[in-house]
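Residue numbers (the numbering used here), protein chains in the order written: chain A, 236 to 454; chain B, 25 to 346.
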């Protein structure tokens with residue numbers, strides 16, 4: 236299948252820039268809404284713009300975490316090796332959206348009122364979860380370069396398993412702050428479960444395959 | 025001059041003779057404290073007539089000294105950003121999903137510990153009263169706030185007409201239960217029908233009203249038409265919408281949010297900056313309509329109505345009875 240054997244040039248010069256631009260769409264919409272542009276097409280931020288913007292960016296942060304987690308199962312299912320090249324970019328977009336979400340909280344929602352922010356982080360469990368997630372994402376973003384990867388060796392993988400933790404904490408963070416309608420966080424939870432579950436399934440299948448081939452050789 | 029004298033002569037009935045006592049007292053206070061006195065004279069007490077067309081102007085609305093002079097939120101904000109879970113859990117859902125909601129004919133049942141009980145149609149229920157504009161602060165349990173110019177009638181005047189017995193310690197309210205018309209009720213986000221309640225003293229408090237209008241117009245569907253409660257010193261969820269039942273009871277009624285999460289939403293639900301919601305702070309609030317860079321403001325005890333209502337709770341532990 237041709238899709239499996241795209242040239243490096245096609246991927247780097249063609250597909251990557253397209254994916255990059257697509258990933259910028261939600262951010263562009265957020266910025267356009269801040270300035271009230273194209274409101275009849277993309278809608279506005281409504282009566283509570285700070286809450287609306289914070290919610291929008293947080294949702295996209297969570298979506299990008301899950302999209303990044305989709306890469307490796309997709310890679311295995313479709314047998315398209317080059318999909319792996321998009322993981323870093325998607326992860327960095329997840330970080331970008333979560334960071335913007337945090338900055339809206341810090342600057343616009345809390346107005347940098349340190350006393351309340353500290354109280355929030357220490358006393359509101361859902362905010363504590365959010366802060367832990369942001370910390371992990373930051374660690375992964377900082378160590379995402381090729382140089383860092385080389386230098387950190389085996390530790391690099393350990394740090395980047397943090398994605399799984401971030402996905403779980405991110406959904407939890409969302410779940411804990413809705414009032415009673417848990418429909419949306421429940422959908423995110425289900426997707427997270429499937430994405431993490433698929434890894435377990437792949438692991439088991441791989442192990443069976445290995446055992447089977449070992450048996451064949453022995454037999 | 026002569027003409028005016030004649031007019032006065034032909035109108036010898038005192039306002040107190042044709043008006044419920046409390047309305048009369050309110051008017052005396054108006055005369056004393058506000059420039060609205062002229063308005064009160066220009067519109068003598070008249071039976072409230074509710075029009076039916078959307079956004080119809082309400083006639084004979086008098087001003088009230090109980091109104092705040094804070095700037096009101098825009099009609100657009102009040103009618104497009106609110107909670108009314110019967111029409112969806114998003115803030116814009118009620119405006120979108122309540123447009124076809126049928127609010128006429130509308131009847132209410134009055135039941136329980138009162139002399140006059142039964143089912144009444146909305147027009148008869150409202151008509152003995154004078155409509156008043158009440159500009160109140162609104163504080164949502166989600167930590168945002170607005171200032172809303174309601175039009176309504178004091179609940180106390182309504183209650184007096186039904187003459188509750190001495191057993192009536194509480195007043196329970198119930199919203200219409202109609203999943204056909206209220207799409208939000210097709211999912212069990214809360215236990216339907218929505219129920220709320222007040223102590224009889226809270227219900228009789230002069231600040232407590234039943235609202236039928238907004239901005240001098242008929243109450244829009246998404247804000248709880250045709251009849252809703254407004255209790256400005258409590259979190260917004262206490263102010264139940266689209267009421268079909270009022271019940272006088274000796275026991276504290278079950279209330280929807282309290283059933284849903286008893287640790288988070290108490291029966292009283294008085295605005296209290298010192299008692300946090302288990303998941304978020306209630307110390308500050310986001311005033312709606314002040315733009316991107318407006319800071320949050322400090323939440324006031326009883327939403328700024330402490331002078332009027334704190335007496336209701338003397339001796340009550342507000343931390344425990346949240």
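Beta carbons: idealized from backbone N, C-alpha and C, even for Gly.
Beta-carbon separation (whole angstroms), residue i vs residue j, contact threshold 8 Å
i	j	result
residue 401 of chain A	residue 440 of chain A	Wrong, their Cβ atoms sit about 26 Å apart, outside the cutoff.
residue 232 of chain B	residue 255 of chain B	5 Å
residue 333 of chain B	residue 261 of chain B	That pair is no contact at about 17 Å.
residue 246 of chain B	residue 80 of chain B	In fact, because the Cβ distance is near 16 Å, the residues do not count as touching under 8 Å.
residue 378 of chain A	residue 304 of chain A	Not a contact, Cβ separation roughly 18 Å.
residue 368 of chain A	residue 408 of chain A	6 Å
residue 403 of chain A	residue 410 of chain A	That pair is no contact at about 10 Å.
residue 270 of chain B	residue 346 of chain B	Wrong, their Cβ atoms sit about 25 Å apart, outside the cutoff.
Between the CA atoms of residue j and residue i - distance to the nearest angstrom
i	j	result
residue 264 of chain A	residue 373 of chain A	24 Å
residue 54 of chain B	residue 152 of chain B	Low confidence applies to residue 54 of chain B: its pLDDT is 48, below 50, so where it sits in the model is not reliable, and the reading given next is rough at best. Cα to Cα, residue 54 of chain B sits roughly 20 Å from residue 152 of chain B.
residue 426 of chain A	residue 436 of chain A	15 Å
residue 386 of chain A	residue 294 of chain A	33 Å
residue 51 of chain B	residue 272 of chain B	Note on residue 51 of chain B: pLDDT 49, under 50, position unreliable in the model; no value is reported.
residue 229 of chain B	residue 180 of chain B	7 Å
residue 322 of chain A	residue 306 of chain A	6 Å
residue 65 of chain B	residue 173 of chain B	Because the pLDDT at residue 65 of chain B is just 48, under 50, the model does not fix this residue reliably, and the point stays unresolved.
residue 190 of chain B	residue 137 of chain B	8 Å
residue 306 of chain B	residue 289 of chain B	13 Å
residue 253 of chain B	residue 221 of chain B	10 Å
residue 60 of chain B	residue 183 of chain B	At residue 60 of chain B the pLDDT is 45, less than 50, meaning the model places this residue with poor confidence; the figure from the coordinates comes in the next sentence. Computed Cα separation, rounded: 26 Å.
residue 316 of chain A	residue 310 of chain A	6 Å
residue 269 of chain A	residue 260 of chain A	14 Å
residue 335 of chain B	residue 325 of chain A	58 Å
residue 329 of chain B	residue 237 of chain B	22 Å
residue 345 of chain A	residue 309 of chain B	10 Å
residue 342 of chain B	residue 343 of chain A	31 Å
According to DSSP, residues forming a beta bridge with residue i
i	result
residue 133 of chain B	B:143, B:269
residue 194 of chain B	B:223, B:273
residue 175 of chain B	B:157, B:237
residue 169 of chain B	B:163, B:311
residue 86 of chain B	B:156
residue 199 of chain B	B:267
residue 384 of chain A	Partner(s): none; residue 384 of chain A has no beta bridge.
Proximal chain A residues relative to residue i, where beta-carbon distance stays under 7 Å
i	result
residue 99 of chain B	Near residue 99 of chain B there are no residues of chain A at all, since even the closest Cβ is about 11 Å away, more than 7 Å.
residue 175 of chain B	Under the 7 Å cutoff, chain A gives no residues; its nearest Cβ is about 21 Å from residue 175 of chain B.
residue 168 of chain B	283
Chain-ordered neighbours of residue i on chain A, where CB pairs are closer than 8 Å
i	result
residue 283 of chain B	Correct list: empty, because the minimum Cβ distance to chain A is about 11 Å.
residue 216 of chain B	The premise fails here: residue 216 of chain B is roughly 12 Å from chain A at the closest Cβ pair, so nothing lies under 8 Å.
residue 116 of chain B	281
Beta-carbon proximity of residue i to residue j, cut-off 8 Å
i	j	result
residue 154 of chain B	residue 219 of chain B	no
residue 140 of chain B	residue 186 of chain B	yes
residue 105 of chain B	residue 281 of chain A	yes
residue 90 of chain B	residue 251 of chain B	no
residue 311 of chain B	residue 169 of chain B	yes
residue 316 of chain B	residue 284 of chain A	yes
residue 97 of chain B	residue 313 of chain B	yes
residue 323 of chain B	residue 295 of chain B	yes
residue 111 of chain B	residue 207 of chain B	yes
residue 178 of chain B	residue 199 of chain B	no
residue 210 of chain B	residue 203 of chain B	yes
residue 157 of chain B	residue 266 of chain B	no
residue 430 of chain A	residue 252 of chain A	no
residue 74 of chain B	residue 175 of chain B	no
residue 161 of chain B	residue 327 of chain B	yes
residue 337 of chain B	residue 275 of chain B	no
residue 362 of chain A	residue 329 of chain A	no
residue 376 of chain A	residue 327 of chain A	yes
residue 103 of chain B	residue 119 of chain B	yes
residue 332 of chain A	residue 272 of chain A	no
residue 224 of chain B	residue 188 of chain B	yes
residue 78 of chain B	residue 242 of chain B	yes
residue 94 of chain B	residue 171 of chain B	yes
Listed by chain order, chain B residues near residue i by CB distance under 8 Å
i	result
residue 285 of chain A	310, 316
residue 405 of chain A	Chain B residues near residue 405 of chain A: none, gap ~17 Å exceeds 8 Å.
residue 343 of chain A	316, 317
Contacts of residue i in chain B (Cβ-Cβ under 7 Å)
i	result
residue 282 of chain A	101, 104, 105, 312, 313
residue 361 of chain A	303
Listed by chain order, chain B residues near residue i by CB distance under 9 Å
i	result
residue 351 of chain A	305, 307, 308, 320
residue 412 of chain A	303, 304
residue 355 of chain A	304, 305
residue 415 of chain A	109, 113, 213, 214, 281, 284, 285
residue 346 of chain A	317, 318, 319, 320
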